[in-house]
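Under the UniProt record's numbering, the residue at position 796 of the sequence shown is numbered 796, and the numbers go up by one with no gaps.
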Amino acid sequence: MLTRTGYDVGRLGRALRSNIRGAVCDDATSRGLYAVDASNYRLPPDLVVVPADTEDLAAAVALTAGAGAPVTMRGGGTSMAGNAIGGVVIDVSRHVNAIRGIDTAARTAVVEPGVVLTDLLTAARPLGLTFGADPSSASRATIGGMIANNACGAHSVAWGTTADNVRSLDVLLADGTRCVVESRGVREQLASGPGREGELHRSLQAFVDTHELVIRRRFGRFARQISGYALHRLLPEHGYNVAGLLCGSEGSFAATLGATIALTPLPAARVLCVLGFPDPIASAECVSVLLGHRPLTMESINVDLVDRLPGEVRRAATDAGLPAGRAWLLVEIGGADRGAAEAAAEQMLAELRDSSPTATVALVTDVRAQAVLWRCRTDAAGLATRRVDGGEAWGGWEDAAVPPERLADYLRGLDHLMNRYGLHGASYGHFGEGCMHMRIDFDLFSTAGVASYRSFVEEATALVVALGGSVSGEHGDGRARSELLGLMYGSDGLALHAEMKAIWDPGAVMNPGVIVDPPPLDAAIRHRGSAKDRKLLTLFSYPDDNHDFAQAQRRCVGIGKCRQSSGGVMCPSYQATHEELHSTRGRAHLLWEMLQGELVTDGWRSTQVRDALDLCLSCKGCLADCPVNVDMATYKAEFTAHHYAGRPWARPLSHWSMGWLPQLSRFASVAPRLTNRITGTQLAKRLGGIAPQREVPGFAEQTFTSWFSRRSSAARPATRGPVVLWPDSFTNYLAPQVGQAATAVLEAAGYQVVLPAGPVCCGLTWISTGQLRAAKRRLSRALGVLEPHLRAGTPVVGLEPSCTAVLRRDAVELLAEDTRAELLATSTTTLAEFLDRSGWQPPDIATDALVQTHCHQHAVLGFDADRALMVKAGIRAEVPDSGCCGLAGNFGFERVHYELSRAVGERVLLPAVRSVAPSTVILADGFSCRTQIAHGTERRALHLAELLATGLP
Numbered sequence: 001m002l003t004r005t006g007y008d009v010g011r012l013g014r015a016l017r018s019n020i021r022g023a024v025c026d027d028a029t030s031r032g033l034y035a036v037d038a039s040n041y042r043l044p045p046d047l048v049v050v051p052a053d054t055e056d057l058a059a060a061v062a063l064t065a066g067a068g069a070p071v072t073m074r075g076g077g078t079s080m081a082g083n084a085i086g087g088v089v090i091d092v093s094r095h096v097n098a099i100r101g102i103d104t105a106a107r108t109a110v111v112e113p114g115v116v117l118t119d120l121l122t123a124a125r126p127l128g129l130t131f132g133a134d135p136s137s138a139s140r141a142t143i144g145g146m147i148a149n150n151a152c153g154a155h156s157v158a159w160g161t162t163a164d165n166v167r168s169l170d171v172l173l174a175d176g177t178r179c180v181v182e183s184r185g186v187r188e189q190l191a192s193g194p195g196r197e198g199e200l201h202r203s204l205q206a207f208v209d210t211h212e213l214v215i216r217r218r219f220g221r222f223a224r225q226i227s228g229y230a231l232h233r234l235l236p237e238h239g240y241n242v243a244g245l246l247c248g249s250e251g252s253f254a255a256t257l258g259a260t261i262a263l264t265p266l267p268a269a270r271v272l273c274v275l276g277f278p279d280p281i282a283s284a285e286c287v288s289v290l291l292g293h294r295p296l297t298m299e300s301i302n303v304d305l306v307d308r309l310p311g312e313v314r315r316a317a318t319d320a321g322l323p324a325g326r327a328w329l330l331v332e333i334g335g336a337d338r339g340a341a342e343a344a345a346e347q348m349l350a351e352l353r354d355s356s357p358t359a360t361v362a363l364v365t366d367v368r369a370q371a372v373l374w375r376c377r378t379d380a381a382g383l384a385t386r387r388v389d390g391g392e393a394w395g396g397w398e399d400a401a402v403p404p405e406r407l408a409d410y411l412r413g414l415d416h417l418m419n420r421y422g423l424h425g426a427s428y429g430h431f432g433e434g435c436m437h438m439r440i441d442f443d444l445f446s447t448a449g450v451a452s453y454r455s456f457v458e459e460a461t462a463l464v465v466a467l468g469g470s471v472s473g474e475h476g477d478g479r480a481r482s483e484l485l486g487l488m489y490g491s492d493g494l495a496l497h498a499e500m501k502a503i504w505d506p507g508a509v510m511n512p513g514v515i516v517d518p519p520p521l522d523a524a525i526r527h528r529g530s531a532k533d534r535k536l537l538t539l540f541s542y543p544d545d546n547h548d549f550a551q552a553q554r555r556c557v558g559i560g561k562c563r564q565s566s567g568g569v570m571c572p573s574y575q576a577t578h579e580e581l582h583s584t585r586g587r588a589h590l591l592w593e594m595l596q597g598e599l600v601t602d603g604w605r606s607t608q609v610r611d612a613l614d615l616c617l618s619c620k621g622c623l624a625d626c627p628v629n630v631d632m633a634t635y636k637a638e639f640t641a642h643h644y645a646g647r648p649w650a651r652p653l654s655h656w657s658m659g660w661l662p663q664l665s666r667f668a669s670v671a672p673r674l675t676n677r678i679t680g681t682q683l684a685k686r687l688g689g690i691a692p693q694r695e696v697p698g699f700a701e702q703t704f705t706s707w708f709s710r711r712s713s714a715a716r717p718a719t720r721g722p723v724v725l726w727p728d729s730f731t732n733y734l735a736p737q738v739g740q741a742a743t744a745v746l747e748a749a750g751y752q753v754v755l756p757a758g759p760v761c762c763g764l765t766w767i768s769t770g771q772l773r774a775a776k777r778r779l780s781r782a783l784g785v786l787e788p789h790l791r792a793g794t795p796v797v798g799l800e801p802s803c804t805a806v807l808r809r810d811a812v813e814l815l816a817e818d819t820r821a822e823l824l825a826t827s828t829t830t831l832a833e834f835l836d837r838s839g840w841q842p843p844d845i846a847t848d849a850l851v852q853t854h855c856h857q858h859a860v861l862g863f864d865a866d867r868a869l870m871v872k873a874g875i876r877a878e879v880p881d882s883g884c885c886g887l888a889g890n891f892g893f894e895r896v897h898y899e900l901s902r903a904v905g906e907r908v909l910l911p912a913v914r915s916v917a918p919s920t921v922i923l924a925d926g927f928s929c930r931t932q933i934a935h936g937t938e939r940r941a942l943h944l945a946e947l948l949a950t951g952l953p
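In structure tokens:
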């Protein structure tokens with residue numbers, strides 16, 4: 001197949017497969033995964049290449065460029081301007097990601113381009129060092145991508161941009177020439193070199209000599225002039241900084257194979273000043289005053305952004321010190337010690353009070369409180385994509401910068417412009433350097449809306465240029481802003497860009513269409529022409545997304561926090577495999593492609609989407625950890641229901657053996673010993689789709705409900721009213737001791753424990769296997785049984801976190817028309833929530849405990865009450881950042897998922913359990929978590945109810 005640029009994709013694919021060891025993909029799934037970045041644009045690649053190492057990368061670039069094909073280098077895929085899409089995408093993040101060494105004496109590191117910034121920071125921090133540029137996407141941004149965009153970050157006001165911290169780059173030119181370019185070089189010596197490298201330097205020096213006057217007049221006028229090429233870096237006063245020139249060239253000159261970067265000493269102590277103002281303009285007017293005190297960082301957020309934070313995060317921010325206001329600056333001050341940092345901060349605040357007496361102030365010294373406040377800023381790029389009322393907001397004009405002293409003028413002009421266009425947006429950014437990010441509620445769906453968007457950005461560009469600013473202050477030009485460079489630099493400036501591009505890449509194959517010869521900024525906008533108003537008939541109601549599955553899929557704008565290499569709950573499969581296909585973002589992109597119907601053409605029946613969702617553990621971690629609250633567990637259940645609709649024979653065996661577990665458990669409870677003998681056989685496991693390595697949990701001799709109905713009536717007298725204890729299937733049939741312990745604890749607290757008058761089930765196992773109609777029937781039946789208690793206002797206490805999460809969230813979305821579901825959601829609490837609110841003083845347990853937080857509890861229920869109750873009980877809890885245990889209900893029992901399930905567990909949880917002292921109690925409220933711990937270690941975990949019950953008389 002010949003492309004529009006005239007190269008044969010099939011021939012190039014065959015050549016690449018013959019000459020490199022990495023993956024070369026041209027299938028629809030791969031093309032869909034890499035068709036977008038974190039921008040508004042979509043351009044499916046012709047090929048996707050994942051090189052195995054640096055030499056593989058060099059070979060892939062040389063072969064691709066030699067075939068005349070566009071070379072698009074890609075790291076974390078978090079570019080916000082359409083910088084890394086189209087052509088032949090070469091992904092360095094998977095394998096070309098080694099930190100080759102850190103020299104503490106020279107304060108440098110040698111890295112490959114796919115190194116994730118947080119991995120570098122983790123390696124450098126014990127040495128007292130850090131990297132000066134630290135964008136909020138640090139947990140997934142790669143060094144190669146940061147070099148391409150000249151990423152800046154929060155601390156660039158003190159430590160500079162990526163370009164200021166690069167010492168040399170190992171690069172490959174399109175013609176196959178490999179060379180090292182430095183940040184400082186002797187012009188004459190470099191120009192006398194042989195071959196293509198010497199010719200390159202001679203051309204660069206002739207370029208500077210010819211155009212020095214224009215370069216001085218147009219380029220490098222302030223720190224955040226990121227748009228276009230950094231031609232000023234070649235001037236003598238910048239030391240002929242060729243490496244700095246490549247920073248911000250967006251891969252349009254050469255491919256980065258490695259980099260030597262400078263590291264910055266960490267300050268001994270830091271304090272955070274949080275300053276509140278009535279509006280962003282008022283905060284901008286004090287920037288010059290604050291800069292005089294040499295802050296490490298100065299970041300802004302506004303009330304629109306804070307209002308979009310989850311309620312618990314917003315409360316935590318207030319508790320951490322967020323003062324009154326509608327716009328805030330987070331100003332960090334460093335010092336030789338804490339006392340010096342606080343003194344410097346107080347000196348700055350004293351001057352601020354004189355110049356801005358209405359500003360509110362909080363001086364935050366506690367590291368944990370600082371982290372809470374910084375989350376308000378680091379999650380901003382995702383949070384700002386949704387308005388409080390659920391409306392959608394987009395990038396496109398999210399990155400302009402002006403000299404800091406002109407920032408207030410820019411904000412006034414921008415407010416006026418947005419009011420004229422009837423637009424709204426949430427802003428955040430690097431006010432210390434005059435750079436403001438924002439998401440605006442453009443209409444990017446209709447032809448008229450896109451035309452209005454284009455008109456707006458052209459007028460906004462005129463405003464920025466009049467103030468001496470740059471249309472990009474950090475994210476680069478890409479497809480969003482390259483066309484605007486003519487308005488910013490004029491025709492003579494554009495001519496310089498084209499000439500510089502030709503020096504490096506005469507064949508125009510390195511990321512073509514970026515900066516030089518760009519397509520229109522309103523071309524290839526991904527949502528344009530999509531069926532925005534056509535709503536699919538779904539089983540979940542999606543109340544937070546205008547009851548629209550398609551709008552739910554648009555939540556994912558490619559921020560990529562799910563690709564973080566460690567920490568948090570989402571996304572366990574990605575953290576184990578590091579494959580884009582197994583990230584929340586990758587799955588969301590394929591669901592979007594399914595709805596679009598171009599690359600994924602068979603809708604709900606798509607095997608491509610089914611396979612992408614297959615390794616989703618339905619942990620719901622993304623619901624809490626993703627800044628835009630993508631809920632992939634729900635999307636997977638929805639898709640699975642439609643995928644197998646009318647085809648029950650096509651379902652995996654495990655959907656029957658474990659999806660119908662509650663029903664099967666009722667039969668098993670009649671003869672539990674016989675059932676356990678049968679289910680423990682390899683034949684039964686094979687018939688049920690269960691991994692042969694797994695030990696099937698045994699059914700209890702007596703169910704919890706049976707025990708409860710037969711126990712002595714001489715229970716502890718109730719003084720505080722009734723409470724319904726939800727007998728979930730795991731507790732009732734497999735772990736009745738948990739229900740017994742909870743009964744004892746609730747009665748000790750003075751409550752009358754009652755059970756529902758008949759069998760109830762939340763439908764969890766049917767939901768997780770996508771049997772949603774069956775789940776709805778069981779939920780409706782349960783609501784009928786519970787209705788008298790709900791009408792009476794009796795609280796419902798859940799013991800199994802996954803089931804409790806269904807009652808609190810999924811039930812409402814599955815039974816949107818049933819008001820009893822909402823009543824159940826508001827009536828349901830965890831055991832810890834109920835006891836903590838009751839004011840009950842638990843017995844003094846006085847023990848150490850390693851606590852595994854169930855992922856559904858993390859995502860839906862919260863852990864604060866558990867932590868508070870354990871403190872009251874004298875339980876010294878260690879809560880590792882272990883994420884999902886890896887078993888995840890049916891997932892880890894399934895034969896095809898066993899190895900991944902164990903890999904997820906071995907990432908943090910299982911080693912942590914093995915490492916603690918024998919006297920340390922292992923706590924895990926989730927049945928899956930306790931089972932994974934039992935299967936992977938010699939320890940047995942308890943439910944919190946069981947531990948509390950040990951202290952009762």
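All residues carry an ideal CB built from backbone N, CA and C; glycine is no exception.
Since we're looking at a predicted model, the values are computed, not measured.
- Listed in chain order, the non-local C-beta contacts of Arg42 below 8 angstroms within the same chain comprise Ala35, Val36, Ile85, Ala524, Ile525, Arg526, local neighbours out to five positions each way being set aside.
- The alpha carbon of Val303 has as its nearest neighbour, out of Gly396, Val157, Met438, Glu112, the alpha carbon of Met438.
- Taking all protein chains shown into account, Trp649 has fewer than 16 neighbouring C-beta atoms within 10 Å of its C-beta and is therefore exposed.
- Burial state of Ile922 is buried, judged by a 10 Å Cβ sphere holding 16 or more other Cβ atoms.
- Per DSSP, the continuous beta strand (DSSP E) segment holding Cys435 begins and ends at 435-440.
- A distance below 8 angstroms between beta-carbons, with the five flanking residues on each side excluded, links Gly68 to the following residues of its chain, in chain order: Thr5, Gly6, Tyr7, Gly507, Val509.
- One Cα belongs to His232, the other to Ser252, and the distance between them is close to 18 angstroms.
- Leu835 sits away from Ser729, with the two beta carbons spaced by 8 angstroms or more.
- By the Cβ criterion, the region 236-250 is not in contact with the region 132-141, since fewer than three pairs of Cβ atoms, one from each stretch, lie closer than 8 angstroms.
- Taking Trp504 as reference, the option from Ala269, Glu197, Gly144 with the minimal CA-CA separation is Glu197.
- Taking 4 residues as the shortest admissible run, the region 732-768 contains the following complete alpha helix (DSSP H) segments, listed from N- to C-terminal end: 736-748, 764-768.
- One thing to note: Cys619 has its Cβ no nearer than 8 angstroms to the Cβ of Pro672.
- For Phe540 and Phe549, the gap between their C-alpha atoms comes out near 9 angstroms.
- Note on geometry: alpha-carbon atoms of Val157 and Glu299 lie some 10 angstroms from one another.
- The beta carbons of His95 and Gly144 sit no closer together than 8 angstroms.
- Closest in alpha carbon position to Thr130, among Gly153, Ala148, Asn149, Gly114, is Gly153.
- The three-state secondary structure of Cys929, taken from DSSP, is helix.
- About 5 angstroms separates the beta carbons of Gln553 and Leu591, which is inside the 8 angstroms limit, making them a contact pair.
- Classified as buried, Pro45 has 16 or more neighbouring CB atoms from the shown chains inside 10 Å of its CB.
- Under the three-state reduction of DSSP, Asp209 is assigned to helix.
- Met73 is not a Cβ neighbour of Ala174, given a cutoff of 8 angstroms.
- Gly883: not part of any alpha helix (DSSP H); DSSP gives it neither H nor E.
- Scanning Pro801, Gly659, Leu121 for the CA closest to the CA of Arg778 turns up Gly659.
- In terms of Cα proximity to Gly132, the closest of Ala15, Ile261, Asn19, Arg11 is Ile261.
- With 16 or more neighbouring CB atoms inside 10 Å of its own CB, Pro736 falls in the buried class.
- Relative to Gly432, the option among Pro403, Arg338, Leu349, Glu593 whose CA is nearest is Pro403.
- In the same chain as Asp818, and ignoring 5 residues on each side of it, the C-beta atoms closer than 8 angstroms to its own belong to Ser780, Leu783, in chain order.
- Straight across, the Cα-Cα distance linking Glu701 with Pro722 is about 28 angstroms.
- In this structure, the CA atom of Gly558 is about 6 angstroms from the CA atom of Arg585.
- Of the residues assessed, Asn419 falls on the exposed side of the cut-off, its CB having fewer than 16 other CB atoms within 10 angstroms.
- Counting only residues of its own chain and dropping the five nearest sequence neighbours on each side, Arg375 has a CB closer than 7 angstroms to the CB of Val313.
- According to the DSSP assignment, Glu499 belongs to the alpha helix (DSSP H) that extends over 485-504.
- Counting along the chain, Asn629 sits inside no alpha helix (DSSP H), nor does DSSP assign it H or E at all.
- The Cβ-Cβ distance between Gly513 and Met570 does not fall below 8 angstroms.
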